[in-house]
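Below: the structure, in structure tokens.
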Amino acid sequence: MDKRFAVVLAAGQGTRMKSKLYKVLHPVCGKPMVEHVVDEALKLSLAKLVTIVGHGAEDVKKQLGEKSEYALQAEQLGTAHAVKQAKPFLTGEKGVTIVICGDTPLLTAETMEAMLKEHKEKDAKATILTAVADDPAGYGRIIRSESGAVQKIVEHKDASDQERLVKEINTGTYCFDNEALFRVIEQVSNDNVQGEYYLPDVIEILKNEGETVAAYQTGNFQETLGVNDRVALSQAELFMKQRINKRHMQNGVSLIDPMNTYISPEAVIGSDTVIYPGTVIKGQVQIGEDSIIGPHSEIENSSIGSRTVIKQSVVNNSKVGNDVNIGPFAHIRPESTIGNEVKIGNFVEVKKTQFGDRSKASHLSYVGDAEVGADVNLGCGSITVNYDGKNKFLTKIEDGAFIGCNSNLVAPVTVGKGAYVAAGSTVTEDVPGEALAIARARQVNKDDYVKKIHKKQS
Ligand code: UD1
Ligand code: MG
Numbered sequence: 542m543d544k545r546f547a548v549v550l551a552a553g554q555g556t557r558m559k560s561k562l563y564k565v566l567h568p569v570c571g572k573p574m575v576e577h578v579v580d581e582a583l584k585l586s587l588a589k590l591v592t593i594v595g596h597g598a599e600d601v602k603k604q605l606g607e608k609s610e611y612a613l614q615a616e617q618l619g620t621a622h623a624v625k626q627a628k629p630f631l632t633g634e635k636g637v638t639i640v641i642c643g644d645t646p647l648l649t650a651e652t653m654e655a656m657l658k659e660h661k662e663k664d665a666k667a668t669i670l671t672a673v674a675d676d677p678a679g680y681g682r683i684i685r686s687e688s689g690a691v692q693k694i695v696e697h698k699d700a701s702d703q704e705r706l707v708k709e710i711n712t713g714t715y716c717f718d719n720e721a722l723f724r725v726i727e728q729v730s731n732d733n734v735q736g737e738y739y740l741p742d743v744i745e746i747l748k749n750e751g752e753t754v755a756a757y758q759t760g761n762f763q764e765t766l767g768v769n770d771r772v773a774l775s776q777a778e779l780f781m782k783q784r785i786n787k788r789h790m791q792n793g794v795s796l797i798d799p800m801n802t803y804i805s806p807e808a809v810i811g812s813d814t815v816i817y818p819g820t821v822i823k824g825q826v827q828i829g830e831d832s833i834i835g836p837h838s839e840i841e842n843s844s845i846g847s848r849t850v851i852k853q854s855v856v857n858n859s860k861v862g863n864d865v866n867i868g869p870f871a872h873i874r875p876e877s878t879i880g881n882e883v884k885i886g887n888f889v890e891v892k893k894t895q896f897g898d899r900s901k902a903s904h905l906s907y908v909g910d911a912e913v914g915a916d917v918n919l920g921c922g923s924i925t926v927n928y929d930g931k932n933k934f935l936t937k938i939e940d941g942a943f944i945g946c947n948s949n950l951v952a953p954v955t956v957g958k959g960a961y962v963a964a965g966s967t968v969t970e971d972v973p974g975e976a977l978a979i980a981r982a983r984q985v986n987k988d989d990y991v992k993k994i995h996k997k998q999s
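Just so we're aligned, residue 542 is where the sequence shown starts under our numbering, counting upward by one.
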């Protein structure tokens, strides 16, 4: 196989987005557009991938990290000028160079493979990935001769009325013979409406040199959508969502209402899990089999076991075991580990807490900075008092302990194995195992008090 290289164009500001965020960093299903592009390109067994950065260079580099090498385009003079910046990385290399725009997030490795195949079969110096658009406005048009051979690409702004009728568009994805590309790119001029050096002009130059130029037309326009504004961004979001959701359904996950289910590209979900509407699954999430998630739940960077039910709740950066019941209206905050067969009920907040197997906090509790053993019952309204305004302290509740309703456990404090805390207690000292702690005022009944008061008042 020829050596393969890729150049990803990501230096533009993206003026049409009207955003403080650089265009290629706008997320589609939670992942920046340029990262979608780079991750797909990396499936092509590349010898080298160079991303052209300019606007927001540091942010783009931070996002992509080690996945790419970087060339800086200090001034954005057009797509040909952008590709030229990769010269120090690719000059003299023999092989094929794929050029992709950082704003085509739906493009798949399979389609790029199909383009590369056509390129090889035609023994071409350049192959363009084209598509047919219902509304081609804004895209470069593919101009073919009467015999059907590609002659050139004309940008929308430079096109004649006749040329604008053409519905076959340049997707902005190409592959080139590497040496030919860097030879002819020097000849591209900026004599056009936008005063930019257009990469598509390379096609006409090669053609005029008598070289073979090919085009691979994909039947899937959606995949080639170029995102230049927020309208296209929302379309990309929709198409990507449909693609992700279809994959999960094909893998045996039930989505009750796929239009209203939002799953990150990285999420892994086991079969027979059911996801109800209004659920948002963000980042690195794993969910086991036979679980029920939603309606209206948000799971972010967390792992969830099998046969677990999460309703109307939020789980963030945490680990939840098997056969767990969470919600409705629970909040599992970062660094929590919830064991198996646990119940976290309505209006319970858990933060940075280990919660042992079969333990329960069924109603209205705050459990933060705690180590809760197995088989613990936290009664309604139990609170770990973990913060003194400056520092956070640990509460330990050992196996089998029973915390009565409306108790405050003032950390640092330990409730020993099997101990009881009486309802309404404010516990400030350790409770030994098997003991009962009562930390509340003793009840006083004042007989006939009401009568006396009424008499005084009359
Ligand atoms: C480009 C193509 C057009 C094609 C369309 C497909 C050109 C001249 N036009 O138009 O034929 O139909 O993509 O989506 O190539 N960029 C740089 N440096 C620059 C200019 C752009 O890195 O100096 C990057 C941008 O960040 C972007 C990509 O190149 O990721 C494409 O630029 P954009 O301005 O979006 O070009 P389009 O007008 O969409
Ligand atoms: Mg574009």
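Ideal placement from N, C-alpha and C gives every residue a C-beta, glycine not left out.
Computed from a predicted structure; not experimentally measured.
7 Å Cβ shell around residue i - same chain, five flanking residues per side excluded
i, result
"A615", "G595"
"T620", "L550, Y739 and L740"
"A674", "Y680, K708, I710 and F762"
"I979", "A963 and S966"
"F934", "D910, N927, A952 and P953"
"E737", "L618, G619 and N731"
"V794", "I810, S812, T814 and I816"
Euclidean distance between Cα positions of residue i and residue j
i, j, result
"S877", "K823", "17 Å"
"R545", "T925", "58 Å"
"I938", "A976", "13 Å"
"V861", "Q783", "27 Å"
"S900", "I873", "15 Å"
"G819", "E839", "8 Å"
"G829", "I845", "6 Å"
"N863", "M790", "22 Å"
"I726", "S805", "38 Å"
"L613", "K564", "16 Å"
"F870", "T556", "41 Å"
"V917", "I944", "8 Å"
"L583", "E651", "12 Å"
"R682", "N857", "46 Å"
"V695", "V743", "11 Å"
"K666", "M781", "32 Å"
"G606", "G914", "40 Å"
"R848", "V569", "30 Å"
"E659", "S688", "18 Å"
"H995", "K987", "14 Å"
Contact test: residue i Cβ vs ligand 1 heavy atom, cutoff 7 Å
i, result
"V707", "no"
"I694", "yes"
"V754", "no"
"G713", "yes"
"K564", "yes"
"L590", "no"
"Q776", "no"
"T620", "yes"
Opposing strand residues paired with residue i [DSSP bridges]
i, result
"A950", "Going by the sequence as given, residue 950 is Leu instead of Ala. DSSP lists T925 and V968 as partners of L950."
"P836", "According to DSSP, which records beta bridges pairwise, P836 is partnered with nothing at all."
"F896", "I879 and V913"
"C716", "I639 and T668"
"H872", "V855 and E890"
"P568", "P573"
"R983", "DSSP, once it has assigned bridges, lists no residue as partnering R983."
"F723", "Beta-bridge pairing links F723 to no other residue."
Contact test: residue i Cβ vs ligand 2 heavy atom, cutoff 7 Å
i, result
"D770", "no"
"D699", "no"
"D676", "no"
"D644", "yes"
"G767", "yes"
Residues near residue i in its chain [Cβ-Cβ closer than 8 Å; skip 5 each side]
i, result
"K748", "V691, Q692, K693 and V754"
"E654", "L585"
"Q604", "L566, P573, V575 and E576"
"A610", "Looking at the sequence shown, residue 610 is not Ala but Glu. Within the same chain, E610 has close Cβ partners K589, L590, V591, T592 and F630."
"G633", "E720"
6 Å Cβ shell around residue i - same chain, five flanking residues per side excluded
i, result
"S799", "According to the sequence displayed, residue 799 carries Pro and not Ser. Excluding residues within five positions, the ones whose Cβ falls inside 6 Å are N786."
"I867", "I851, S854 and I885"
"E745", "K693"
"N733", "D699"
"D831", "D813, S847 and R848"
Cβ-Cβ distance between residue i and residue j below 8 Å
i, j, result
"G965", "R981", "yes"
"V865", "V889", "no"
"L950", "T936", "yes"
"Y757", "T668", "yes"
"S906", "I879", "no"
"T638", "T765", "no"
"I641", "L648", "yes"
"F723", "K635", "no"
"N947", "G922", "yes"
CB contact check: residue i to chain D, cutoff 8 Å
i, result
"Q554", "In the structure shown, chain D cannot be found, because there is only a single protein chain."
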